[in-house]
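Those protein sequence lines, which keep their order, are chains A and B. 1 is the number of the first residue of the first sequence in my numbering; add one for each residue after it. 1001 is the number of the first residue of the second sequence in my numbering; add one for each residue after it. The C-beta atom is built at its ideal place from N, Cα and C for all residues, glycine as well. On a predicted model such as this, the values are computed, not experimentally measured, just so you know. Shown next, in structure tokens, is the structure this report addresses.
Number of protein chains: 2
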Amino acid sequence: MRRLMKHSTDPRIAMIEAAIRNAGGRVTASRVRLLDLLQSAREPLCQTDIENLIESEPLPAMDRVTIYRVLDWLTEAGLAHKAADGRGVFRFTAAKPEGQHEQHAHLRCTGCGGTFCLDMAPPPRPVLPRGFRFGGMALDIRGECPRCVGAHA
Amino acid sequence: MRRLMKHSTDPRIAMIEAAIRNAGGRVTASRVRLLDLLQSAREPLCQTDIENLIESEPLPAMDRVTIYRVLDWLTEAGLAHKAADGRGVFRFTAAKPEGQHEQHAHLRCTGCGGTFCLDMAPPPRPVLPRGFRFGGMALDIRGECPRCVGAHA
DNA sequence: TTGCTTATGCAATATGGTTGCATTAAGCGA
DNA sequence: TCGCTTAATGCAACCATATTGCATAAGCAA
Chain A
1 MRRLMKHSTD
11 PRIAMIEAAI
21 RNAGGRVTAS
31 RVRLLDLLQS
41 AREPLCQTDI
51 ENLIESEPLP
61 AMDRVTIYRV
71 LDWLTEAGLA
81 HKAADGRGVF
91 RFTAAKPEGQ
101 HEQHAHLRCT
111 GCGGTFCLDM
121 APPPRPVLPR
131 GFRFGGMALD
141 IRGECPRCVG
151 AHA
Chain B
1001 MRRLMKHSTD
1011 PRIAMIEAAI
1021 RNAGGRVTAS
1031 RVRLLDLLQS
1041 AREPLCQTDI
1051 ENLIESEPLP
1061 AMDRVTIYRV
1071 LDWLTEAGLA
1081 HKAADGRGVF
1091 RFTAAKPEGQ
1101 HEQHAHLRCT
1111 GCGGTFCLDM
1121 APPPRPVLPR
1131 GFRFGGMALD
1141 IRGECPRCVG
1151 AHA
């Protein structure tokens, strides 16, 4: 008997499946799992973070390359965002449902490398020189988190 | 006969030498050369860019690792800034003389990967949550440059 | 000029990102 | 439900960039 990838009963997962299908891709366990992971994450995750998380789960393992390609696909499909952090590694975040262009600021701690999301009014959309097309923006703020400030006090 | 590293007569180079000495480091040909290079550059350079530039000059070659370490030292000493670009590679810029925190915006083209400096009023300095220390900020804007916009029209 | 200490070159390694190819499975139509 | 087509996955390389260890060379203070 062959098992077919059918719709989940969990509404949260069903949403994810719909999003993937809607993006024109096949609904696979890997994609659902990773998008779910990204949506549940509190902060942007890099591939290594994700590998570790996957490995720590009781579910079947996933190959490095598969994770890489799924992340790539999610990004391409607009379901996730990919951006290099201050350390030069790519971090991924789940895309917000709609419109909400990720116009919020991140503070990156120069001490521990951690990323913190700030609640602040997004800067106004810039006026670009003629010919340029706007794609999105991110305000990157450097500084130190309370823990690191305290560490070398 | 041993040659001593003496002061340059070129005022530009003399300034660089002074800055290095002032930062508590030894004045070496490598450091002077790289800082000079960064100061003359119109845009942030990555290590590979720098290696190529160095190689194309008639002056003696420099080892990759030396370049790496000099850049590292310049950054540490506050004479240069290091930041990861959208592709995840580190790019270096000469630090501005004083105070002028690099509060200007960059547009990174998602097509060709090029970086363009924008002339726009820097966003106001953010109010950070209690305990955080502000270190600097950069507004990163994504989009496409005229050439790339035209390419897939 | 000497000698202590820092900086450099060379070799090697680590880490993250990427591609090619054979195999597996999603999902469509019968 | 079955078979088929095509997309997705796993595995094994490979590449680029970043980084470290150690012996040698060079800055510069005495």
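Simplified DSSP assignment, three categories, for residue i
i: Glu57 (chain A); result: coil
i: Cys1148 (chain B); result: helix
i: Arg42 (chain A); result: coil
i: Arg1091 (chain B); result: strand
i: Ala1023 (chain B); result: coil
i: Leu1035 (chain B); result: helix
i: Arg1130 (chain B); result: coil
i: Arg12 (chain A); result: helix
Extent of the continuous alpha helix (DSSP H) to which residue i belongs
i: Ala80 (chain A); result: Where Ala80 (chain A) is concerned, there is no enclosing alpha helix (DSSP H), although the beta strand (DSSP E) it sits in stretches over 80 to 84.
i: Arg1064 (chain B); result: 1064 to 1076
Buried or exposed (CB count within 10 angstroms, at least 16 for buried), residue i
i: Ala14 (chain A); result: exposed
i: Glu57 (chain A); result: exposed
i: Cys1145 (chain B); result: buried
i: Glu17 (chain A); result: buried
i: Ala86 (chain A); result: The sequence shown places Gly at residue 86 (chain A), rather than the Ala named in the question. Under this definition Gly86 (chain A) is a buried residue.
i: Pro1044 (chain B); result: buried
i: Val65 (chain A); result: exposed
i: Gly1099 (chain B); result: Because the pLDDT of Gly1099 (chain B) is 48, which lies under 50, any placement of that residue in the model is unreliable, and the number read from its coordinates should be weighed accordingly. Classification for Gly1099 (chain B): exposed.
i: Arg12 (chain A); result: exposed
i: Arg1033 (chain B); result: buried
Test item: CB-CB of residue i and residue j under 8 Å
i: Met1062 (chain B); j: Ser1040 (chain B); result: no
i: Ala80 (chain A); j: Ala94 (chain A); result: yes
i: Phe90 (chain A); j: His106 (chain A); result: no
i: Leu128 (chain A); j: Gly1143 (chain B); result: yes
i: Pro126 (chain A); j: Leu1059 (chain B); result: no
i: Cys1046 (chain B); j: Cys1109 (chain B); result: no
i: Asp10 (chain A); j: Asp1140 (chain B); result: no
i: Gly150 (chain A); j: Trp73 (chain A); result: no
Unbroken beta strand (DSSP E) run spanning residue i, endpoints
i: Asp119 (chain A); result: Unbroken run through Asp119 (chain A): none, as it is neither H nor E.
i: His1106 (chain B); result: 1106 to 1109
Rounded distance between the beta-carbons of residue j and residue i, thought under 8 Å
i: Leu37 (chain A); j: Ile20 (chain A); result: With a Cβ gap of about 14 Å, Leu37 (chain A) and Ile20 (chain A) do not count as contacting.
i: Ala1023 (chain B); j: Gly1088 (chain B); result: Contact flag wrong, Cβ pair sits at about 28 Å.
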